[in-house]
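*Asks:* Questions regarding the structure given below will be posed in turn.
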Amino acid sequence: MDKPLLEVRNLKTCFYTEDGVVPAIEDVSFSLGKGETIGIVGESGSGKSVTALSVMRLIPYPPGKIECGEIIFKGENLLAKRMDEMRRIRGNDIAMIFQEPMTSLNPVLTVGQQIAEAIQLHQQLGREDARDKAVSMLKSVGIPSPQRRVDDYPHQMSGGMRQRVMIAMALSCNPELLIADEPTTALDVTVQAQILELMMALKDDLGASVMLITHDLGVIAETADRVIVMYAGKVMENAGVKELFRRPAHPYTVGLLGSIPNLDEDRARLQSIDGIVPSPFDMPKGCRFHPRCSLAMDICRNEEPGFVSIADGHDVRCWKYA
Amino acid sequence: MAEALLEVKDLVKHFPTKSKGMFSKRTGVVKAVDGVSFSIKRGETLGLVGESGCGKSTTGRLILRLIEPTSGEVAFDGTDVRGLGKRDLRALRREMQIVFQDPYASLNPRMTVGQIVGEPLDVHGVPNGGGKQQRIQELLDVVGLSAYHAGRYPHEFSGGQRQRIGIARALAVNPKLIVCDEPVSALDVSIQAQVINLLQDLQANLGLTYLFIAHDLSVVKHISDRVAVMYLGGLVELASKEALYRSPMHPYTQALLSAVPVPDPERKKHRILLEGEIPSPINPPSGCRFHPRCPHAQEICSAEDPAFTEVETGHFIACHRSRERAFRCLSPKGRTVAKRLTTSTLA
Ligand SMILES: Nc1ncnc2c1ncn2[C@@H]1O[C@H](COP(=O)(O)OP(=O)(O)OP(=O)(O)O)[C@@H](O)[C@H]1O
Ligand code: SF4
Ligand SMILES: [Mg+2]
């Protein structure tokens with residue numbers, strides 16, 4: 145097998161807040177092959193965004209700090225890179241798309257100026273040429289009348305169009321890895337369908353790998369090759385997408401799948417998971433899921449389970465399988 | 020006793036807008052709700068779905084008279100609520116309550132949970148006599164909180180718990196109708212399921228009637244008996260949930276349903292990708308509001324507004340081509356096959 149494009153090993157990132165230390169993610173490991181799409185799913189606060197920002201080395205310091213682990217990208221450890229090297233990698237090899245494009249676009253520049261700027265970072269182009277390139281990129285991401293739209297300011301565009309602009313900018317450098325953090329969460333479902341289709345088609349054209357973060361299991365099912373399920377800062381399950389939906393193993397994954405109403409199925413009652421996500425200041429001892437787990441045993445309350453492999457490429461962090 | 024608990028007819032709400040042009044200061048109107056009619060039977064749940072800005076929430080607020088309609092009728096339990104004076108309106112408010120989307124913004128942070136839940140009791144009195152404190156405890160119990168929560172403040176609660184507090188408050192005065200405006204949209208999936216189950220239990224035990232407003236088509240399908248689909252201020256389709264999800268007839272409903280990601284990686288879906296985006300309600304398209312994006316539009320569609328017509332028993336649609344067979348061809352799994360008609364934005 146080819147070497148993976150990205151390999152994350154035992155990553156731990158903490159935030160030093162006034163109220164104490166938040167271990168936002170701990171012992172996070174996964175790998176991503178070339179051209180592959182990995183979905184990261186989990187509830188609010190489970191550490192999805194911190195994982196993505198850590199890979200980009202964009203964790204604000206202070207209060208945040210990557211404590212330990214390795215992020216091997218194309219054979220090199222990103223944690224050993226200087227900031228200027230990281231900036232170059234972010235401009236050329238790894239690109240990121242966020243949930244709310246408004247916060248990542250500059251409100252006082254036209255979208256054309258911003259795209260041109262992004263292009264000029266890694267291509268020697270004059271102003272006119274960069275503008276032409278911006279127009280053709282707007283066209284390629286499906287923005288109608290790009291000649292006119294290129295002079296729009298972000299606030300003159302709808303959420304869907306702004307996300308298209310973000311995609312155009314992210315892909316302008318032909319990145320090998322695209323990290324998308326809830327790229328469609330703020331959008332309506334018909335616009336979401338357009339954006340996902342666009343993103344995945346462009347990704348295929350470029351042969352890029354994608355790390356797609358979402359809380360929507362439907363989006364995961366339709367786009368990912370491999371899935372990691374996060375809960376309270378830890379990876380609970382890691383499996384191929386078909387395997388995960390066909391044979392979910394971790395009680396949390398099973399509960400999540402039971403919690404969502406499905407358009408194709410009728411259920412009188414949703415399964416639901418009792419209780420709530422623990423506070424990061426008050427992590428339960430043992431398995432972090434045990435207070436909400438209907439299968440919890442004595443050992444679950446006292447000792448943290450390790451990651452065990454239950455099938456080829458299917459790993460679970462649960463005592464039931466240890 | 021009227022069969023329908025709520026009857027809405029030709030409801031219209033136009034909000035004035037000030038658009039400052041370069042040379043002129045024009046005022047226009049946002050046609051937020053533009054002629055909506057439906058009814059809700061006692062004890063049923065009517066789902067109202069549509070994308071952001073289509074007028075769902077405004078419709079909910081008009082029904083409760085939190086805002087005044089521009090025109091149209093709302094009849095609750097056989098009484099036209101438009102002409103009601105202050106006193107009658109207050110009595111009406113006891114019968115209709117609302118649960119809001121944002122469990123963070125909708126609760127007063129300076130009031131204890133007991134005060135929040137008890138407030139409607141101060142206004143309307145405790146139903147069937149009885150003590151106020153006892154009623155508050157009862158309500159907290161019903162929504163799965165405990166009596167000791169009464170002395171705490173909203174910020175001490177999680178999103179799902181706050182939504183329970185909002186529900187307890189809505190239940191305080193024994194309403195008949197609850198308008199649920201995106202009650203679970205802000206919640207994580209596992210908590211969402213808890214709140215949905217709670218709403219269903221309460222309906223079964225208390226005989227409540229719901230108007231359930233949401234943009235999540237899977238959630239609406241799960242909880243509703245009938246479903247209405249809204250687009251740009253108007254209803255485009257209304258049917259029993261079985262009919263609507265199995266054989267959607269309006270091209271917009273078909274596209275909307277086809278766009279929902281299904282949590283099953285082995286299921287290949289035919290997706291109808293709509294072109295463009297929802298037009299502005301300030302200047303909605305002529306004729307059928309959906310015609311600029313509709314894969315089936317014909318000449319008449321841009322000229323005439325299609326009537327909301329009952330094409331099968333209980334199945335209403337607003338489409339000039341509603342009677343054509345092509346709209347009803349179904350796949351074995353029950354989803355419309357529309358591949359032939361697929362339009363792609365990438366083309
Ligand atoms: N700047 C920060 N300061 C302090 N704590 C932080 C900061 N950023 C994140 N955290 C904490 O890290 C943990 C993981 O957060 P993260 O944003 O990764 O969650 P998430 O899975 O992306 O959630 P969501 O679905 O809400 O986006 C949380 O406990 C969060 O409160
Ligand atoms: S380790 Fe124990 S508590 Fe944790 S998920 Fe497995 S069975 Fe449940
Ligand atoms: Mg996040």
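Chains as they are written, first to last, in my numbering: chain A, 145 to 466; chain C, 20 to 366. No residue lacks a Cβ here, since even glycine has one placed at the ideal position from N, Cα and C. This one's a predicted model, so the numbers in the text were calculated from it and none came from an experiment.
Using a C-beta to C-beta distance shorter than 9 Å, which residues of chain A count as neighbours of C:H289?
*Replies:* Numbered from 1 along the second sequence, position 270 holds the residue referred to as residue 289 of chain C. Here the premise fails: no neighbours, minimum Cβ distance about 12 Å.
*Asks:* Starting from C:L224, trace the alpha helix (DSSP H) in both directions and tell me its first and last residue.
*Replies:* Residue numbering aside, residue 224 of chain C sits at position 205 when the second sequence is read from its first letter. For the record, residue 224 of chain C in the displayed sequence is Asn; it is not Leu. Here the alpha helix (DSSP H) through C:N224 covers V208 to L225.
*Asks:* How far does the alpha helix (DSSP H) with A:H266 in it extend, from its first residue to its last?
*Replies:* As a position in the first sequence, residue 266 of chain A is number 122, starting the count at 1. Unbroken alpha helix (DSSP H) run through A:H266: V255 to H266.
*Asks:* Given 7 Å as the limit, tell me if C:P284 has its C-beta closer than that to any heavy atom belonging to ligand 4.
*Replies:* Ligand 4 is absent from the structure shown, which contains only ligand 1, ligand 2 and ligand 3.
*Asks:* How about A:L331 and A:Q300: do their beta carbons lie closer than 8 Å?
*Replies:* Within the first sequence, numbered from 1, the residue matching residue 331 of chain A stands at position 187. Within the first sequence, numbered from 1, the residue matching residue 300 of chain A stands at position 156. Not in contact: A:L331 and A:Q300 (Cβ atoms no closer than 8 Å).
*Asks:* Would you grab the beta carbon distance between C:N127 and C:I135 for me? Rounded to a whole angstrom, and I think it's under 8 Å.
*Replies:* In the second sequence, residue 127 of chain C corresponds to position 108, counting from 1. In the second sequence, residue 135 of chain C corresponds to position 116, counting from 1. The pair is a contact, with the Cβ atoms about 6 Å apart (cut-off 8 Å).
*Asks:* Assess contact between the region 373 to 393 of chain A and the region 297 to 309 of chain C, defined as three or more Cβ pairs (one per stretch) separated by less than 8 Å. Is contact present?
*Replies:* They do not touch, by the three-pair rule.
*Asks:* Return helix, strand or coil for A:L350, following the three-state DSSP convention.
*Replies:* Reading the first sequence from its first residue, position 206 is the one you call residue 350 of chain A. Correct three-state label for A:L350: helix.
*Asks:* Hey, is A:F433 close to ligand 2, as in C-beta under 7 Å from one of its heavy atoms?
*Replies:* In the first sequence, counting from the first residue as 1, residue 433 of chain A sits at position 289. A:F433: yes, Cβ under 7 Å from ligand 2.
*Asks:* Residues in the region 238 to 257 of chain C with C-beta within 7 Å of chain A's C-beta atoms, listed in sequence order?
*Replies:* Those residues of the region 238 to 257 of chain C that come within reach of chain A (Cβ to Cβ, closer than 7 Å) are V238, K240 and H241.
*Asks:* Could one say the Cβ of A:P298 lies closer than 8 Å to chain B's Cβ atoms, at least one of them?
*Replies:* Protein chains A and C are contained in the structure displayed, whereas chain B is not.
*Asks:* Could you check what DSSP says for A:E448 in three-state terms: helix, strand or coil?
*Replies:* The residue labelled residue 448 of chain A in the question sits at position 304 within the first sequence. Residue state, collapsed to three classes: coil.
*Asks:* Go through the region 258 to 289 of chain C residue by residue and report every complete run of the alpha helix (DSSP H) that reaches 4 residues or more, in order.
*Replies:* Counting whole runs of 4 or more residues, the region 258 to 289 of chain C contains the alpha helix (DSSP H) stretches 260 to 265 and 270 to 278.
*Asks:* For the alpha helix (DSSP H) that A:F389 lies in, which residues bound it at each end?
*Replies:* Numbered from 1 along the first sequence, position 245 holds the residue referred to as residue 389 of chain A. Looking at the DSSP string, the run of the alpha helix (DSSP H) that includes A:F389 is V385 to R390.
*Asks:* Is C:T89 helix, strand or coil when you go by DSSP?
*Replies:* Mapped onto the second sequence, residue 89 of chain C falls at position 70. Looking at C:T89 - three-state DSSP - the assignment turns out to be coil, as it is neither helix nor strand.
*Asks:* Where does A:K378 sit, in a helix, a strand or coil, going by DSSP?
*Replies:* Counting from one through the first sequence, the residue named residue 378 of chain A turns up at place 234. Reduced to three states, the DSSP call for A:K378 is strand.
*Asks:* What is the DSSP secondary structure of A:R370, counted as helix, strand or coil?
*Replies:* As a working mapping, residue 370 of chain A is identified with position 226 in the first sequence. Three-state result, A:R370: strand.
*Asks:* Whole angstroms is fine: what's the gap from C:H234's alpha carbon to C:E201's?
*Replies:* Mapped onto the second sequence, residue 234 of chain C falls at position 215. Mapped onto the second sequence, residue 201 of chain C falls at position 182. Each residue's alpha carbon lies about 7 Å from the other.
*Asks:* Along chain C, in chain order, which residues have C-beta atoms closer than 9 Å to that of A:H478?
*Replies:* No answer is possible for residue 478 of chain A: the residues shown for chain A start at 145 and end at 466.
*Asks:* Just to make sure I have the definition right: I need the residues of chain A whose C-beta is within less than 8 Å of the C-beta of C:R264. Which are they?
*Replies:* To locate residue 264 of chain C, count along the second sequence from 1; it is residue 245. It is worth fixing the name first, because residue 264 of chain C is Tyr in this sequence and not Arg. Neighbours of C:Y264 on chain A, chain order: L407.
*Asks:* When the distance is taken between beta carbons, is A:F451 closer than 8 Å to A:P395?
*Replies:* As a first step, residue 395 of chain A is located in the first sequence; it is residue number 251 there, counting from the start. As a first step, residue 451 of chain A is located in the first sequence; it is residue number 307 there, counting from the start. The answer is no: Cβ separation not under 8 Å.
*Asks:* Drop a sphere of 10 angstroms on the beta-carbon of A:H266, count the other beta-carbons inside from all chains shown, and report buried for 16 or more, exposed for fewer.
*Replies:* Walking along the first sequence from the start, residue 266 of chain A turns up at place 122. So A:H266 counts as exposed.
*Asks:* Residues in its own chain within less than 6 Å of C:F34 by CB, not counting five upstream and five downstream?
*Replies:* Looking up residue 34 of chain C in the second sequence gives position 15. Closer than 6 Å at Cβ, skipping near neighbours: V49 and A51.
*Asks:* Quick check on C:F335: buried or exposed, where buried means 16 or more other Cβ atoms within 10 Å of its Cβ?
*Replies:* Here residue 335 of chain C corresponds to residue number 316 of the second sequence, with the count starting at 1. Result: buried.
*Asks:* Listed in chain order, which residues of the region 250 to 269 of chain A have Cβ atoms closer than 9 Å to some Cβ of chain C?
*Replies:* Listed by position along the chain: nothing, the set is empty.
*Asks:* For A:A376, decide whether its Cβ has a neighbour in chain C, counting only Cβ atoms nearer than 8 Å.
*Replies:* Translated into the one-based positions of the first sequence, residue 376 of chain A becomes position 232. Judged by the 8 Å Cβ criterion, A:A376 is not in contact with chain C.
*Asks:* For the alpha helix (DSSP H) that C:K105 lies in, which residues bound it at each end?
*Replies:* For the purposes of this step, residue 105 of chain C is taken as residue 86 along the second sequence, with counting starting at 1. Here the alpha helix (DSSP H) through C:K105 covers K105 to E114.
*Asks:* Using the Cα positions of A:F217 and A:K156, report the straight-line distance between them to the nearest angstrom.
*Replies:* Within the first sequence, the letter at position 73 stands for residue 217 of chain A. Within the first sequence, the letter at position 12 stands for residue 156 of chain A. Approximately 17 Å, taken between the alpha carbons.
*Asks:* Are C:P146 and C:V198 touching if we call contact CB-CB under 8 Å?
*Replies:* Start at 1 with the first residue of the second sequence, and residue 146 of chain C comes out as number 127. Start at 1 with the first residue of the second sequence, and residue 198 of chain C comes out as number 179. Going by C-beta atoms, C:P146 is not nearer than 8 Å to C:V198.
*Asks:* How is the beta strand (DSSP E) around A:D296 delimited, first residue to last?
*Replies:* The sequence position of residue 296 of chain A within the first sequence is 152, counting from 1. Run containing A:D296: none; DSSP gives neither H nor E here.
*Asks:* Assuming A:M374 contacts A:S190 (C-beta within less than 8 Å), just tell me the rounded distance between them.
*Replies:* Numbered from its first residue, the first sequence carries residue 374 of chain A at position 230. Numbered from its first residue, the first sequence carries residue 190 of chain A at position 46. With a Cβ gap of about 4 Å, A:M374 and A:S190 count as contacting.
*Asks:* Among the residues of its own chain, which have a CB less than 7 Å from the CB of C:I210, if the five just before and after it don't count?
*Replies:* For the purposes of this step, residue 210 of chain C is identified with residue 191 of the second sequence, where counting begins at 1. Within the same chain, C:I210 has close Cβ partners G178 and G179.
*Asks:* Starting from the beta carbon of A:L414, find every residue of chain C whose beta carbon is closer than 8 Å, and list them in chain order.
*Replies:* Within the first sequence, the letter at position 270 stands for residue 414 of chain A. Those are A212, I215, N216 and H241, listed as they occur along chain C.
*Asks:* Does the beta-carbon of A:V192 have 16 or more other beta-carbons within 10 angstroms, so that it is buried, or is it exposed?
*Replies:* For this step, residue 192 of chain A is matched to residue 48 along the first sequence. Looking at the sequence provided, one finds Lys at residue 192 of chain A rather than Val. So A:K192 ends up on the buried side.
*Asks:* If you count every other CB in all the chains shown that lies within 10 Å of the CB of C:H174, and 16 or more means buried, which is it?
*Replies:* As a first step, residue 174 of chain C is located in the second sequence; it is residue number 155 there, counting from the start. It counts as exposed.
*Asks:* I need the straight-line Cα distance from A:A239 to A:V285, nearest angstrom please.
*Replies:* Numbered from its first residue, the first sequence carries residue 239 of chain A at position 95. Numbered from its first residue, the first sequence carries residue 285 of chain A at position 141. For A:A239 and A:V285, the distance between alpha carbons rounds to 16 Å.
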